[in-house]
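Asks: Per this note's numbering, residue 58 is the first one in the sequence shown, and the count goes up by one each step.
By construction, the Cβ of each residue, glycine as well, lies at the ideal position given by its N, Cα and C atoms.
These figures come from a predicted structure and were not determined experimentally.
Shown below is the structure under consideration.
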Amino acid sequence: MTAPRRCLAIVLAAGEGKRMRSHLPKVLHELAGRSMLAHVLAAVTSAGAERLAIVTAPGQEKVVAEAKRVAPSAQIFIQAEPLGTAHAVLAAKGAIEEGFEDILVAFADTPLVEPESFARLRGPLGEPSCAISVLGFEAADPRGYGRLIFQDQELAGIREDKDLNETERHLTLCNGGLMAIAGEKCLGLLESIGRANAQGEYYLTDAVALARQRGLKVAVVRAPEEEVLGINDRSQLAAAEAVLQGRLRRKAMERGATFLAPERVHLSFDTEFGRDVMVEPDVFFGPGVKVGEGATIRGFSHLVGAEIGPGAIVGPFARLRPGAVLGKDVHIGNFVEVKASMLGEGVKANHLAYIGDATIGARTNIGAGAITCNYDGFTKFRTTVGEGVFIGVNSALVAPVTIGEGAYIGTGSVITKDVAPDALALARERQIEKPFWAKAFRNKHRK
Ligand code: UD1
Ligand code: MG
Numbered sequence: 058m059t060a061p062r063r064c065l066a067i068v069l070a071a072g073e074g075k076r077m078r079s080h081l082p083k084v085l086h087e088l089a090g091r092s093m094l095a096h097v098l099a100a101v102t103s104a105g106a107e108r109l110a111i112v113t114a115p116g117q118e119k120v121v122a123e124a125k126r127v128a129p130s131a132q133i134f135i136q137a138e139p140l141g142t143a144h145a146v147l148a149a150k151g152a153i154e155e156g157f158e159d160i161l162v163a164f165a166d167t168p169l170v171e172p173e174s175f176a177r178l179r180g181p182l183g184e185p186s187c188a189i190s191v192l193g194f195e196a197a198d199p200r201g202y203g204r205l206i207f208q209d210q211e212l213a214g215i216r217e218d219k220d221l222n223e224t225e226r227h228l229t230l231c232n233g234g235l236m237a238i239a240g241e242k243c244l245g246l247l248e249s250i251g252r253a254n255a256q257g258e259y260y261l262t263d264a265v266a267l268a269r270q271r272g273l274k275v276a277v278v279r280a281p282e283e284e285v286l287g288i289n290d291r292s293q294l295a296a297a298e299a300v301l302q303g304r305l306r307r308k309a310m311e312r313g314a315t316f317l318a319p320e321r322v323h324l325s326f327d328t329e330f331g332r333d334v335m336v337e338p339d340v341f342f343g344p345g346v347k348v349g350e351g352a353t354i355r356g357f358s359h360l361v362g363a364e365i366g367p368g369a370i371v372g373p374f375a376r377l378r379p380g381a382v383l384g385k386d387v388h389i390g391n392f393v394e395v396k397a398s399m400l401g402e403g404v405k406a407n408h409l410a411y412i413g414d415a416t417i418g419a420r421t422n423i424g425a426g427a428i429t430c431n432y433d434g435f436t437k438f439r440t441t442v443g444e445g446v447f448i449g450v451n452s453a454l455v456a457p458v459t460i461g462e463g464a465y466i467g468t469g470s471v472i473t474k475d476v477a478p479d480a481l482a483l484a485r486e487r488q489i490e491k492p493f494w495a496k497a498f499r500n501k502h503r504k
């Protein structure tokens, strides 16, 4: 068996992204709950890149922070001036010089390329005479893209849109921008690239013609246009989101989830579904949600960072916030919010409740309007409720407080002290009744 080919991925992210009209750098805008940059870093990693180099512009601290967050071992390189894609790749010269067999060049603003396509792009470099592998696609509208120029059925070069002649302008096989370059030939090619073109830039694409002049082979690997969609403005961001949502829904359905109206469910890059999960229309899954087998998520629910046990029923109109962990067969009904709380098996909170910073034992029933008062304006406190407890409607549990197992909390109680197991706690005014008071009151006013 031959050893796997060592691969460095260079991710270009030095573009300005002016057309986003945003205070946030372009590549930090999110798709399915994750930044474009993180999508690209994940894809090249899945395609076997063992080292990551990110090229960004000076002063892009937020880009650097996101790169470090998602790929702590990534190396950051600064391209002092945006002089073109070849110039950007050369900013990472320090990494290239370490010696890799494959150099994968990716764009952080082209976030939909599948790991399989990156892996296919590397494929031809396995052949010793092959210097470059280019990702080509058939463009519905080729304007703006570099065109692949063939001579005698071999790729001879790539011509940028602004440098095309009239015949070339009609070519529709375009350059996706990404490239795989043989590591040992990379610097020799890139450092020979000049800037005598319409934009006065160092074009990475010129490496193709240079390689051919030197008698090296160049390969073209094709991918669907959808994958090479580049993001320059908010409309393209929305288009990319739609593509990604379609992929995520298809994967979830392949794994055995049912969506009554797939296009009305919003997923995150990491949403996980067990088999036979059923999702009604108009549900939002933010990042970090896991749904266990056979659970049902009813309409208009908003879930982020939550774990939902098998057989649970959530919603309609439920809100699960980060740290909500629902055990098996838990029922969370309409207008119930759960945050940073563990709910044991079979817990029911069917209407209008807030459960925050709490641990709730199995089979406990939480009445309508019950609230854990977890915050005094400065500090958060925890509420602990044992198994089989009954919390009467409109109760306030003022944390820190512990309710023993099997206890009853009378309706409308404000519980500030711990309650013993199996006790009844009432913390409300006793009812008083004044016979015929109302009738006397009305008579007085009629006079
Ligand atoms: C590039 C390709 C073109 C291809 C198209 C596909 C070149 C010369 N052209 O053109 O053939 O059809 O992508 O979308 O490669 N960047 C830097 N520093 C720079 C310049 C660019 O980091 O100095 C980064 C950008 O942030 C971006 C990527 O490189 O992520 C591509 O640059 P962009 O200006 O979008 O290239 P295109 O003109 O689209
Ligand atoms: Mg572009």
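In chain order, what residues of the same chain have a beta carbon less than 6 Å from the beta carbon of Arg376, not counting five sequence neighbours either side?
Replies: Correct list, in chain order: His359 and Glu394.
Asks: Phe207 bridges to which residues according to DSSP?
Replies: DSSP, once it has assigned bridges, lists Leu212 as partnering Phe207.
Asks: I need the boundaries of the beta strand (DSSP E) containing Val460, first residue and last residue.
Replies: Contrary to the premise, residue 460 reads as Ile rather than Val in this sequence. Looking at the DSSP string, the run of the beta strand (DSSP E) that includes Ile460 is Val458 to Ile460.
Asks: DSSP on Asn108, reduced to helix/strand/coil?
Replies: Residue 108 is actually Arg in this sequence, not Asn. In the structure shown, Arg108 sits in a strand (DSSP, three-state: E or B).
Asks: For the beta strand (DSSP E) that Met77 lies in, which residues bound it at each end?
Replies: No beta strand (DSSP E) contains Met77, which DSSP labels as neither H nor E.
Asks: In this structure, how does DSSP classify Arg177 when only helix, strand and coil are distinguished?
Replies: In the structure shown, Arg177 sits in a helix (DSSP, three-state: H, G or I).
Asks: Would the C-beta of Phe392 count as close to the ligand UD1, meaning under 6 Å from any of its heavy atoms?
Replies: No, the Cβ of Phe392 stays beyond 6 Å of every heavy atom of the ligand UD1.
Asks: When the Cα atoms are used, what is the spatial distance from Ser190 to Glu173?
Replies: Going by the C-alpha atoms only, they are around 14 Å apart.
Asks: Say the cut is 6 Å; is the CB of Gly287 nearer than that to a heavy atom of the ligand MG?
Replies: At least one heavy atom of the ligand MG is nearer than 6 Å to the Cβ of Gly287, so yes.
Asks: Leaving out five residues before and five after Ile428 in sequence, what residues of the same chain have Cβ atoms less than 8 Å from its Cβ?
Replies: Correct list, in chain order: Ala410, Tyr411, Ser452, Ala453 and Leu454.
Asks: Determine, using beta carbons only, whether Glu298 and Leu94 come nearer to each other than 7 Å.
Replies: No; because the gap between Cβ atoms is not below 7 Å, this pair is not in contact.
Asks: Nearest to Tyr96 by alpha carbon, out of Gly74, Val471 and Glu123?
Replies: Just to set this straight, residue 96 is His in the shown sequence, not Tyr. Of Gly74, Val471 and Glu123, the residue nearest in Cα terms is Glu123.
Asks: For Gly90, which of Leu324, Lys347 and Lys437 has the nearest alpha-carbon?
Replies: That would be Leu324, whose Cα lies nearest to the Cα of Gly90.
Asks: So, with DSSP's three-state summary, where would you put Glu225?
Replies: Three-state DSSP puts Glu225 in a helix.
Asks: Regarding Tyr260 and the ligand UD1, is the C-beta to nearest heavy atom distance less than 6 Å?
Replies: Checking every heavy atom of the ligand UD1 against the Cβ of Tyr260, one is found closer than 6 Å.
Asks: Is Pro168 near the ligand UD1, in the sense that its beta carbon is under 6 Å from a heavy atom of that ligand?
Replies: Pro168 Cβ: outside cutoff for every heavy atom of the ligand UD1.
Asks: Kindly give me the distance between the Cβ atoms of Asp333 and Gly356, rounded to whole angstroms, as I take these residues to be in contact under 8 Å.
Replies: Asp333 to Gly356, Cβ: 18 Å. No contact.
Asks: Run through DSSP, which three-state label would Ser470 get?
Replies: Residue state, collapsed to three classes: coil.
Asks: List the endpoints of the continuous alpha helix (DSSP H) containing Ser103.
Replies: Start and end: Met93 to Ser103.
Asks: Is the closest heavy atom of the ligand UD1 to the C-beta of Pro115 under 6 Å?
Replies: Not under cutoff, so the answer is no.
Asks: Comparing C-alpha positions only, which one of Cys243, Leu205 and Glu211 sits nearest to Glu225?
Replies: Selected option, being the one with the closest Cα: Leu205.
Asks: Where does Gln256 fall in DSSP's three states?
Replies: Gln256 falls in the coil class under three-state DSSP.
Asks: Nearest by alpha-carbon distance to Glu118: which of Val84, Ala100, Leu98 and Pro139 is it?
Replies: Comparing Cα positions, the closest option is Val84.
Asks: Go through its chain and collect everything with a Cβ distance to Met77's Cβ below 7 Å, but skip five positions before and after it.
Replies: Result list for Met77: Lys83, His86, Asp290 and Arg291, in chain order.
Asks: Find the nearest neighbour of Val450 within the set Val442, Gly463, Gly467 and Gly443, judged by alpha-carbon distance.
Replies: Comparing Cα positions, the closest option is Gly467.
Asks: Using C-beta distances below 8 Å, list every residue in its chain close to Leu81, excluding the 5 sequence neighbours before and after it, in chain order.
Replies: Lys119.
Asks: Consider the C-beta atom of Gly257 and the heavy atoms of the ligand UD1; say whether any pair is separated by less than 6 Å.
Replies: No - the ligand UD1 has no heavy atom lying nearer than 6 Å to the Cβ of Gly257.
Asks: Could you check which residue in Ala165, Thr59, Gln132 and Ala131 has the C-alpha nearest to that of Gly72?
Replies: Checked all of Ala165, Thr59, Gln132 and Ala131; the closest Cα to Gly72 is Ala165.
Asks: Does the separation of the CB atoms of Val476 and Gly463 fall below 7 Å?
Replies: Cβ distance not < 7 Å, so Val476 and Gly463 don't count as in contact.
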